[in-house]
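A short write-up of the structure that comes next.
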Amino acid sequence: QKEVEQDPGPLSVPEGAIVSLNCTYSNSAFQYFMWYRQYSRKGPELLMYTYSSGNKEDGRFTAQVDKSSKYISLFIRDSQPSDSATYLCGHMDTGRRALTFGSGTRLQVQP
Amino acid sequence: EAEVAQSPRYKITEKSQAVAFWCDPISGHATLYWYRQILGQGPELLVQFQDESVVDDSQLPKDRFSAERLKGVDSTLKIQPAELGDSAMYLCASSLVSQGTYEQYFGPGTRLTVT
Numbered sequence: 060q061k062e063v064e065q066d067p068g069p070l071s072v073p074e075g076a077i078v079s080l081n082c083t084y085s086n087s088a089f090q091y092f093m094w095y096r097q098y099s100r101k102g103p104e105l106l107m108y109t110y111s112s113g114n115k116e117d118g119r120f121t122a123q124v125d126k127s128s129k130y131i132s133l134f135i136r137d138s139q140p141s142d143s144a145t146y147l148c149g150h151m152d153t154g155r156r157a158l159t160f161g162s163g164t165r166l167q168v169q170p
Numbered sequence: 393e394a395e396v397a398q399s400p401r402y403k404i405t406e407k408s409q410a411v412a413f414w415c416d417p418i419s420g421h422a423t424l425y426w427y428r429q430i431l432g433q434g435p436e437l438l439v440q441f442q443d444e445s446v447v448d449d450s451q452l453p454k455d456r457f458s459a460e461r462l463k464g465v466d467s468t469l470k471i472q473p474a475e476l477g478d479s480a481m482y483l484c485a486s487s488l489v490s491q492g493t494y495e496q497y498f499g500p501g502t503r504l505t506v507t
């Protein structure tokens, strides 16, 4: 079983929609999670990170961790065409300082 | 704003040839990572450096791949000989070593095509 799993999509939504991107993780001891955005043919860009459970908000983006179901989510409000990208979730092993990524979900926001 | 630099951005090579990629991390970042990203997949760690020392190279195919960070600053990843299956994006990332700080910052990547 992979440490972090994502639905690859693609996910297509109209402009202004609320987007929900989700990942599951394998080990209930995992606590530190990161979300990256990757535009086509570019390097990943750090969006947000969360520690333990609960929500973290940054502008239109909210990251959520549900430890009971081993589920992490990224919500995007008022989605824009510029949000069209691949979104990668990852688990950070803080002891080894090693990041393990999911396979990424491709999002397309239609104008 | 400080960025991770990589070169070249694109590389086309024939199989059995040697190829090298270069990375310059953000100034002051002691930890440097090389990842390989196959199209449609997430990045996978190849090698991790702490200063000039290799911390983790368990996923590096050592029969053909090598990596070095001689002075603990910039780094080179080499493939010799290249195989068709090596076609991928090679990403470099760096991180500040500080209590409670784990964010990794990525460069633009080098897209390798092996023909």
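Quick note, the sequences are listed as chains A and B, same order.
All letters in the first sequence, in the order written, are residues 60 to 170 by the numbering used here.
All letters in the second sequence, in the order written, are residues 393 to 507 by the numbering used here.
Think of the CB as a built atom: it goes at the ideal place given N, C-alpha and C, for glycine as much as any other residue.
- For T153/A, there is no enclosing beta strand (DSSP E), as DSSP marks it with neither H nor E.
- Bounds of the beta strand (DSSP E) holding L469/B are 467 to 471.
- DSSP, read as helix, strand or coil, puts L105/A in strand.
- For K115/A, the enclosing beta strand (DSSP E) has its first and last residue at 113 to 117.
- Per DSSP, reduced to three states, the secondary structure at D478/B is helical.
- A direct Cα-Cα distance of roughly 21 Å separates G161/A from P453/B.
- Of all alpha-carbon atoms in K403/B, Y425/B, K407/B, T505/B, the one lying nearest the alpha-carbon of L483/B is that of Y425/B.
- For a cut-off of 8 Å, the C-beta gap from R503/B to R100/A is around 7 Å, short enough to register as a contact.
- Rounded to whole angstroms, Q139/A and Y98/A show a C-alpha spacing of 14 Å.
- For D416/B, the secondary structure class from DSSP, reduced to helix, strand or coil, is strand.
- Non-local C-beta neighbours of G149/A in its own chain, meaning closer than 8 Å and more than five positions away in sequence, comprise V63, F92, M93, W94, Y95, L158, T159, F160, G161, ordered along the chain.
- Cβ proximity to chain B below 8 Å picks out E104, L105, Y108 from the stretch 104 to 119 of chain A.
- Close partners of F413/B in chain A (Cβ separation under 9 Å) are lacking, with about 13 Å as the shortest Cβ gap.
- Taking each of G464/B, P400/B, S399/B in turn and checking the Cα distance to V447/B, the smallest one comes out for G464/B.
- By a beta-carbon distance limit of 8 Å, A410/B does not contact Q442/B. Their separation comes to about 27 Å.
- Leaving aside the five residues that flank P435/B on each side, the residues in its chain whose CB is nearer than 6 Å to its CB run, in chain order, Y427, Q429, L483.
- A distance below 6 Å between beta-carbons, with the five flanking residues on each side excluded, links L469/B to the following residues of its chain, in chain order: F413, W426, A459.
- Here A144/A is not near I131/A, since their CB atoms are 9 Å or more apart.
- Burial state of D478/B is buried, judged by a 10 Å Cβ sphere holding 16 or more other Cβ atoms.
- Interface flag for R503/B against chain A is set, since a Cβ pair is found closer than 9 Å.
- If you check the CB distance, N81/A and Q60/A do not come in under 9 Å.
- In this structure, the alpha-carbon of L476/B lies about 35 Å from that of M107/A.
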